[in-house]
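Enquirer: For the sequence shown, numbering that gives the first Met the number 0 begins at 0 and goes up steadily by one.
Virtual Cβ for every residue (Gly too), placed ideally from N, Cα, C.
As the structure is a prediction and not an experimental result, all values here were calculated from the model.
One structure follows; several queries about it will come next.
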Amino acid sequence: MLMQEEGVLKGQELENAVSDADYTKAIELALELRRPHKLFELFSELCRTQEVGDRVERILSALSSEEVRLLLEYVREWNTKPKLCHVAQSVLLQVFKILSPTEIAEIKGIGELLEGLIPYSQRHFSRMDRLVRSTYLLDYTLTGMSVIEPEVDRSAVDDGSPVNSGLEKLEYGLLGEIAGEEKNQNEELERSTSKKRKLPRFKDRSKKKSKNVTAADAAAISLRA
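Right under this line is the structure:
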């Protein structure tokens, strides 16, 4: 009965700490009560704030080594799921920033925890790398289709150096050549289309001339007869 009453009181303290935005106390109580789902919600809310690094660092600094070990166990479970891995990686980053390698090595069962963290972390980073490379391919395709213009650092170009001025001249020269080629192609296309349009008229005139010649020949033959 006493354990149940104590658990109820701790749960009420946890809810009060959450409502008061006292994340340090709320995380400590969530670890004490073994509530990983509530703990994930607290860290997820912290990751949405602007000062997430400083706040998580202060919270983790107040935890004992046993609480850090328990937190890493929860992080290992979160890291196995793509929907939860972002929060897990954020917490891991702050843990490795705060703790030195010696302190990390002294955590009980750290080898088993790292064995469960490393493969999934590598998988997540490989997926992110593929996504980033696919965005570059999309930018290249849109730039080739003239949908978007490539970003150019004009502050670096306009610094007055001979190299940058030469690059700028080369850029404008290439643009001018491309524009001139497009203009010439358009003119040739217009001339070819105009010639194609005039051809039927020429054929009609030739037909009329041939008809007139044949009529004149027939009249001459009739006269001779």
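Three or more C-beta pairs closer than 8 Å, one from the stretch 105 to 125 and one from the stretch 74 to 85: is that the case here?
Expert: As far as the Cβ criterion goes, the stretch 105 to 125 touches the stretch 74 to 85, which means the pair count is three or higher.
Enquirer: What's the call for I226, buried or exposed, on a 16-neighbour Cβ count within 10 Å?
Expert: The structure shown has nothing for residue 226, since the chain only spans 0 to 224.
Enquirer: Can at least three beta-carbon pairs, one atom from the stretch 132 to 140 and one from the stretch 96 to 107, be found at a separation below 8 Å?
Expert: No contact exists between the stretch 132 to 140 and the stretch 96 to 107.
Enquirer: Under 8 Å by Cβ, that's how I've got V90 and V67 pegged, so tell me the actual separation to the nearest angstrom.
Expert: As a first step, residue 90 must be located in the sequence shown, where it is residue number 91. As a first step, residue 67 must be located in the sequence shown, where it is residue number 68. Not a contact, Cβ separation roughly 10 Å.
Enquirer: Excluding the 5 residues flanking L41 on each side, which residues of the same chain have their C-beta closer than 8 Å to its C-beta?
Expert: Along the sequence shown, one-based indexing puts residue 41 at 42. Hits under 8 Å: V17, Y22, A25, I26 and A29.
Enquirer: Compute the beta-carbon to beta-carbon distance between H36 and Q88, rounded to the nearest angstrom, for a pair I have assumed lies under 8 Å.
Expert: Against the sequence shown, residue 36 aligns to sequence position 37. Against the sequence shown, residue 88 aligns to sequence position 89. Actually they are not in contact, since the Cβ atoms of H36 and Q88 sit about 18 Å apart, beyond 8 Å.
Enquirer: For I103, which residues in the same chain have their Cβ closer than 7 Å to its Cβ, ignoring the five residues on either side in sequence?
Expert: One-based indexing of the sequence shown puts residue 103 at position 104. Cβ neighbours of I103 beyond the five flanking positions: I109.
Enquirer: Just mark V86 as buried or exposed, buried being the case when its beta carbon has 16 or more other beta carbons within 10 Å.
Expert: Along the sequence shown, read from residue 1 onward, the residue named residue 86 stands at position 87. V86 should be labelled buried.
Enquirer: Quick check on DSSP: helix, strand or coil for G108?
Expert: Numbered from 1 along the sequence shown, position 109 holds the residue referred to as residue 108. Three-state DSSP puts G108 in coil, outside helix and strand.
Enquirer: Determine, using beta carbons only, whether L230 and V51 come nearer to each other than 7 Å.
Expert: Residue 230 lies beyond the residue range present for the chain, which begins at 0 and ends at 224; the question has no answer from this structure.
Enquirer: I need the straight-line Cα distance from R132 to L8, nearest angstrom please.
Expert: By one-based count along the sequence shown, residue 132 stands at place 133. By one-based count along the sequence shown, residue 8 stands at place 9. About 51 Å.
Enquirer: Quick check: what's the CA-CA separation for L62 versus L83?
Expert: Taking the first residue of the sequence shown as 1, we reach residue 62 at position 63. Taking the first residue of the sequence shown as 1, we reach residue 83 at position 84. Each residue's alpha carbon lies about 22 Å from the other.
Enquirer: Could you pull the start and end residues of the alpha helix (DSSP H) that R54 belongs to?
Expert: For the purposes of this step, residue 54 is taken as residue 55 along the sequence shown, with counting starting at 1. Segment V51 to S60, the alpha helix (DSSP H) holding R54.
Enquirer: Please state the DSSP three-state secondary structure of T134.
Expert: As a working mapping, residue 134 is identified with position 135 in the sequence shown. Helix.
Enquirer: Please list, in chain order, all residues of the same chain as N15 whose beta carbon is under 6 Å from its beta carbon, the five residues on each side excluded.
Expert: Walking along the sequence shown from the start, residue 15 turns up at place 16. So no residue of the chain qualifies.
Enquirer: With a threshold of 6 Å on Cβ separation, who are the neighbours of N79 within its own chain once the five nearest residues in sequence on each side are excluded?
Expert: Locating residue 79 in the sequence shown gives position 80, where the first residue counts as 1. In the sequence under discussion, the amino acid at residue 79 is Thr, which differs from the Asn named in the question. Excluding sequence neighbours, T79 sits near Y119.
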